Structure formats: structure tokens, C-alpha cells
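A.B. asks:
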Amino acid sequence: MRTGYDLELVHLTKRYGDTVAVRDLNHVFVKGSYVCLLGPSGCGKSSTLRMIAGHEDVSEGSIVLDSQDVSQLPPALRGTAMMFQNYALFPHLSVRDNVAFSLRMKGVDKAKRHARADEMLALVDMTHLADRLPTQLSGGQQQRVALARALVTEPKVLLLDEPLSALDPFLRIRMRGELKKLQRELGITFIHVTHGQDEALALADEIVVMNDAVIEQSGPARDVWGAPRTEFVARFIGGHNVIALPGGKATVRADAVTLGDDGLAATITAVEYQGASVAVTSKLETGDEVLALLPEEQFFNAPKSPGDAVRLAWDERGLHRLEA
Amino acid sequence: MRLKNRHVLGWLEASPLALVLLLFLVAPIVMIVIVSFWGATEFSIYPAFQFDNYEFLFGSPVTYRVFLATLKYAFITWALTLAIGFTVAYFLAFHVRSLTMQIALFLVCTIPFWTSNIIRMISWIPFLGRNGIANQTLISWGVIDEPLEWLLYSDFAVILAFVHLYTLFMVVPIFNTMMRIDKSLLEAARDNGASGLQTLVHVILPLTKPGIMIGTIFVVTLVMGDFITVRFMSGSQRANVGRLISNDIGLLQYPSAAATAVVLLCTVLIVIAILLRFVNIRKEL
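So the protein lines, in turn, are chains A and B. In case it helps, my numbering puts the first sequence at residues 858 to 1181. In case it helps, my numbering puts the second sequence at residues 7 to 291.
Set out below in C-alpha cells:
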């Protein structure tokens, strides 16, 4: 058992009939951290989030928040609040009434709850649109309202279910900056489910990579990216090559690979210009594909095209043995 | 030139429906309005423009009684079909999880519609009659000593038949609107601490209003315009506006029947206009 607002999952399991969606999770989410649950669709990350929120029954195990087992409590009594993927704003209520909804359910009088809602709207910079209906707002604006509605309950943990997936790429990057800023200001735990590794790396204090109903690896973003434990993590988190070496599989960071005169023989299969760098994909004789991210200048000093034979080398510091 | 062509094309495309509506909706109504100003004797009707029919209609206390009775039937039937229809639709939309089951149960709801109105009405008679199944069962259970007289040929029977006939018209539009409610809204309500009842009152009910309104329009217009149900189920002991009109027609008093029909039409239109002031159903159509 932990103290404070730590959120702990103890042997948490979710079954739907015979299929296991979440298998025996044990994890501690430290108070005030921004955690990203990262994984491909169907890996159990959403089920985990929904169990923490209380929208999905726990098959086995428990969820401990603030040293209290909350796994049997209704959502509103857990000290969590959820922000839904499509925001789930009430279409018949104004922005202000949406934010004030939970207070209205508690029987707070109108003047008081509207004042409180206005405070939350000011926090997300939406005061000027308080009288609009949700359908009259853009995606980003709807998201701010959803955020305000979740935060008005003063949760200890905010749960975000793929909050950025409905936004266009430009807005996504802006909103993730705001989420991070808000989390720092409020000091509460954010648990953010996503399948975008760039999103997770950009936001998370801690990344929890899930696959096939279990946690593959968890830790600070730099640790996970710098030292993926399994082949799955290495591939999913991106920027890594998995190659078979004598003595087991290893990963090589894509930006550590260089094209030189000696090293492993390979044939270039694709060259992609990405601005600051050039992505060169080549095939080893073993059949493994290797991605090399070369600085733009370095590539164009000795340009290559698909079909060229090259030799690949890398700094030993960029090489990392995998456990599985 | 091209613009003009498009104009003509537009008119051409709209004309078939316009023609049908003109022929089968506007023309008959215009005809009824015209005839309502005609005069009649015991054996003939003659074209005229006089207000005799309306004067007689509005001067007779029977008219007010019958209109009031019609509104009463409409209101009670509306309240009951709404209560039943909303409950059924709610169950189908939110408690039945699988789509197959939803469709199956929905089809079950429509089974009564596989037979005609009149057969469905008449089949109540052996059940409700003085020596009908209902009375016999109640007597054999010892609940009552002698047959209940008000089961058949009464307001009770009329309203029972109306509810039986028209509840589906309430279920369908309400179910339809409920199915469009995003399920995550219900979760959001729960997440915000709403109880089941609060979710119903603050989320589901407001979002179902357009469906309720459409169902209301169906039921109100059907009940206000009905005459056969009232005749059968009340054993000709009760009257509504429909029966007033049908009686006039039976006596070949077409101008008088037309005048009553015009007043009824106006009443129904006013009722609907009032209803539409409460709810905007346009986004539902």
C-alpha cells in the first residue's frame, strides 16, 4: 500500500467472456505525474483506463487511490474524472451548463455553480464562449470544454481517452502543449491513453507501454526510448532497428547508423527526405530492414539512391541488447 | 440561357410531387372549405356562400361537448401512449445490448399491426364484454362479485383501444431518437455524478424531446380524426368530432359535415402549432 494520492493497480484483470483484455496488471502511478498508456489498438489500454474510471467492471484485482480501494465505487466517488475520446459534451446544454453539470447533480445552486464553471472556463481560456452550444464550437474548443467539465469535479486523477485523436495534426501539437502546461499547474495525475508514440514521448513523465493485455515496459520517457526492453517496444516506440546479432536480438537507434566503407553489407531500398534529416532504408543480407536517419548535410555530401550497395556501421553506444 | 434551363429543370423535377399534393391534398381541402359554405335542405344541397353551417355549429352546445370529449380522448391517450412508448423505447434503446435482439424485439412490437385496425378493436369485445374473459376471470378469482359494466362500451374501452392501436406510433419515433443518443453521454453523466434518474431527466429526456414531439403529433392527429374506434368501443354511446361528421354524412348533410371538418382541421393545426412552439423537430427530419 502506498500513501498520498498515488494510484495503484493491484493484480488488475479484465475478462470479456473467454478473452482477457487486461491481464494481472500491477503498477503504481506516482502522484502528480503525467503518464501515457501507450499501445496498439486492442492492447487493453482503454479497458485499463475505463476500469480506473469506473465505467468498466473489474474482473479481478483492485484499484487503490489515496490508500482506498475504489474498484467497487461508482465513478463520481472515486476521485477520478474522465475526458472522453469524442468529448461527450451534452449537446442540449450550453458550454457553461456542461461544465456545471456535475455541480448541478450535487444540488449546488445556480449562482454558485455558474461562478465555479466560469472559473474553470477561464482556466481553459473559454470564457468568451460560455453561452454557446457545443455544436457551435470547433474540435479544439470542445476539447477545452470537456477538460473544464472533468476538472470542475476536482479530481485527484484525470483520465484522458485518446484526447487528441479527433484533432488535426496542427491543433494536436498545440493542445498537447496545453495539456502538459495544465497538468503542471494543477499538479494532479494525468493518465493519457494514446497509440501515438510521438504524443507519448512529448507529454509523458512516465510511459507505460502495453501490448496484448500486459505491460511490456514502463518508465520515464527517456529510459523507455533509450533502452527498450523487448522487440515489441523497440518497434512500437519508433526510431529503432531490430537486428539479429550473434547472441540474440538487439536494437540500434536509427540516428546511430552511419553509411560507411566497412560494416554490414546492405542494399538501399528507399530514400526519404525529411528536412533536417534523410531517412535511408536498406536491407541486410539476413533480410532485416535497417533504417538510418542521417543528418541532411552528411547525406548530401555522398548521396545514395535505392539499389546502391552500402555498408552499415554504428556506434556501440547506439546498440542495445533486447531481453525478448 | 443555361441559368434559365436550370430553372425549368428545377420546376420539372418538383412538379410530379407538387401535382400529387395539389390533386390529393390541396384540392380536396379546398373543396371541403367551399362546400362548408353551401346550403342544405332535408333532401338537397345547393351552392351558396352563407355562414349558416358555422352559425349552427358554434351555436350548438353539442359541438362544444363533443370537441371537449375529443380533446379529452386525445389528451388521455397521449399521456398513456407517451408513458408506455417512452418506457418501451427506453428499454429497447438502452437496456437491450445486442442489435439483433433490438431488431427482434422491435419487430415483436409491430406484430399487432399485421392485422387491420378493426379486427384489433373487435377482438377486445369478447375479452371485455359483460360475460367476457376479463369479467369471468375476475369473478372466478373472487376479486369481484358481479361483472364490471364499465369494461366495454365506455370511455375506458375507447381509450384502451386507442392506446392499443397507437402506442407504436409513439415507440417508433422515440426509439429512433434514443438510438441516436451517443452512449458516451450516459457515461459522461455517470462520471459527473448523475444517478440513473438524474441521467434520465437531465440527459435522455431533453435529447429525446424531438422524438416525443413527433410521436405526439402522430397520436394526437390520429385520435382527433378517429371515428370508428369511438363508435365500436363505446357501442355508439360516446361521441367525438369524427362521429359528428360521419353522422352528418350519413344524413347526406354534406355542407354541415364539411363545416365541422374545417373546424376540426383548424383545431388540430392549432394544437400542432402550439406543440411545435415547445420543440424544434426540424433537426430530426
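Cβ atoms here follow ideal geometry from the backbone N, Cα and C, with glycine treated the same way. In this text, all values refer to a predicted model and were calculated from it rather than measured experimentally.
For a minimum of 3 consecutive residues, which ranges assigned as the beta strand (DSSP E) are wholly contained in the segment 65 to 148 of chain B?
C.D. replies: The qualifying runs do not exist here; there are none.
A.B. asks: Which residues, taken in chain order from the segment 959 to 972 of chain A, show a beta carbon closer than 8 Å to some beta carbon of chain B?
C.D. replies: The segment 959 to 972 of chain A vs chain B, Cβ under 8 Å: S959, R961, M962, K963.
A.B. asks: Which residues in chain A sit within 7 Å of A200 of chain B, going by Cβ to Cβ distance?
C.D. replies: Those are M962, listed as they occur along chain A.
A.B. asks: Please classify V1147 of chain A: does DSSP put it in a helix, a strand, or coil?
C.D. replies: In the structure shown, V1147 of chain A sits in a strand (DSSP, three-state: E or B).
A.B. asks: If we cut at 8 Å on Cβ distances, does A938 of chain A have a partner in chain B?
C.D. replies: Yes, because at least one Cβ of chain B sits closer than 8 Å to the Cβ of A938 of chain A.
A.B. asks: Would you call L203 of chain B buried or exposed, if buried means 16 or more other Cβ atoms sit within 10 Å of its Cβ?
C.D. replies: Its Cβ having fewer than 16 others within 10 Å, L203 of chain B is exposed.
A.B. asks: Leaving out five residues before and five after L98 of chain B in sequence, what residues of the same chain have Cβ atoms less than 7 Å from its Cβ?
C.D. replies: Excluding residues within five positions, the ones whose Cβ falls inside 7 Å are Q108, L111, F112, F181.
A.B. asks: In angstroms with no decimal places, state the Cα-to-Cα distance between H949 of chain A and Q56 of chain B.
C.D. replies: Using only the alpha carbons, I get a separation of about 51 Å.
A.B. asks: Consult DSSP for Y60 of chain B and reduce its assignment to one of helix, strand or coil.
C.D. replies: DSSP places Y60 of chain B in helix when its eight states are reduced to three.
A.B. asks: Check the Cβ-Cβ distances between P932 of chain A and every residue of chain B, and say whether any is below 8 Å.
C.D. replies: So yes, P932 of chain A belongs to the interface.
A.B. asks: When the cut-off is 8 Å and only beta carbons count, does A910 of chain A lie next to chain B?
C.D. replies: A910 of chain A counts as touching chain B.
A.B. asks: Just the Cα atoms here: how many angstroms apart are V1071 of chain A and S919 of chain A?
C.D. replies: Cα to Cα, the separation comes out at about 16 Å.
A.B. asks: What does R196 of chain B reach in chain C if we use C-beta pairs closer than 9 Å?
C.D. replies: No chain C appears in this structure, whose protein chains are A and B.
A.B. asks: Could you give the residue range of the alpha helix (DSSP H) that holds H971 of chain A?
C.D. replies: 967 to 980 is the extent of the alpha helix (DSSP H) around H971 of chain A.
A.B. asks: Determine which residues of the segment 1109 to 1137 of chain A have a Cβ less than 9 Å from any Cβ of chain B, and write them out in chain order.
C.D. replies: Correct list: empty, as no residue qualifies.
A.B. asks: Which residues mark the beginning and the end of the alpha helix (DSSP H) in which M219 of chain B is found?
C.D. replies: Residues 211 to 231.
A.B. asks: With DSSP run on the structure shown, which of helix, strand or coil describes K1037 of chain A?
C.D. replies: It is helical.
A.B. asks: Measuring CB to CB, does V1050 of chain A end up less than 8 Å from L922 of chain A?
C.D. replies: Cβ atoms of V1050 of chain A and L922 of chain A: not closer than 8 Å.
A.B. asks: Could you check where the alpha helix (DSSP H) with A910 of chain A kicks off and where it finishes?
C.D. replies: From DSSP, the alpha helix (DSSP H) with A910 of chain A extends over 902 to 910.
A.B. asks: Within 10 angstroms of its Cβ, does M37 of chain B collect 16 or more other Cβ (buried), or is it exposed?
C.D. replies: With fewer than 16 other Cβ atoms within 10 Å, it is exposed.
A.B. asks: Alpha carbon to alpha carbon, how far is W156 of chain B from Q243 of chain B?
C.D. replies: Straight-line Cα distance between these residues: approximately 12 Å.
A.B. asks: Going by C-alpha distance, which of B:A89, B:Y96, B:V277 is nearest G231 of chain B?
C.D. replies: Considering only alpha carbons, the answer is B:V277.
A.B. asks: Taking Cβ positions, are V1109 of chain A and I1100 of chain A nearer each other than 8 Å?
C.D. replies: Yes, the pair counts as a contact, with Cβ atoms nearer than the cut-off.
A.B. asks: Can a CB atom of chain A be found closer than 8 Å to the CB of S190 of chain B?
C.D. replies: Output row for S190 of chain B: interface = yes.
A.B. asks: Can you tell which of B:L27, B:P132, B:A195, B:V14 has the C-alpha that lies nearest to the C-alpha of F947 of chain A?
C.D. replies: Nearest C-alpha to F947 of chain A: B:A195.
A.B. asks: Given 8 Å as the limit, is there contact between the segment 262 to 270 of chain B and the segment 39 to 59 of chain B, that is, 3 or more CB pairs closer than that?
C.D. replies: In short, these stretches touch, since the Cβ pair count reaches three.
A.B. asks: State the Cα-Cα distance for the pair A1133 of chain A and H868 of chain A, rounded to the nearest angstrom.
C.D. replies: Cα to Cα, A1133 of chain A sits roughly 45 Å from H868 of chain A.
A.B. asks: Quick check: the Cα distance between R880 of chain A and R872 of chain A, rounded to an integer number of angstroms?
C.D. replies: So the two alpha carbons sit approximately 8 Å from each other.
A.B. asks: Evaluate contact between the segment 964 to 981 of chain A and the segment 210 to 221 of chain B, counting only Cβ atoms and requiring at least three cross-stretch pairs below 8 Å.
C.D. replies: The answer is no - the segment 210 to 221 of chain B does not touch the segment 964 to 981 of chain A, with fewer than three Cβ pairs under 8 Å.
A.B. asks: Label G91 of chain B either buried or exposed according to how many other C-beta atoms from any shown protein chain fall within 10 Å of its C-beta, with 16 as the threshold for buried.
C.D. replies: Its Cβ being crowded by 16 or more others within 10 Å, G91 of chain B is buried.
A.B. asks: Please list, in chain order, the chain A residues whose beta carbon lies closer than 9 Å to that of L206 of chain B.
C.D. replies: The premise fails here: L206 of chain B is roughly 12 Å from chain A at the closest Cβ pair, so nothing lies under 9 Å.
A.B. asks: Classify I909 of chain A: buried if its beta carbon has 16 or more other beta carbons within 10 angstroms, exposed otherwise.
C.D. replies: With 16 or more other Cβ atoms within 10 Å, it is buried.
A.B. asks: Would A1170 of chain A and D1112 of chain A be called neighbours here (beta carbons separated by less than 8 Å)?
C.D. replies: Not a contact, by the Cβ cut-off of 8 Å.
A.B. asks: Which residues, taken in chain order from the segment 208 to 242 of chain B, show a beta carbon closer than 8 Å to some beta carbon of chain A?
C.D. replies: Here the close residues are H208, V209, P212, L213.
A.B. asks: Just the chain A side, please: which residues come within less than 9 Å of E193 of chain B by C-beta, in chain order?
C.D. replies: Here the neighbours are R907, A910, H912, P932, M939, F941, A945.
A.B. asks: For T1108 of chain A, report the span of its beta strand (DSSP E) as first-last.
C.D. replies: Residues 1105 to 1110.
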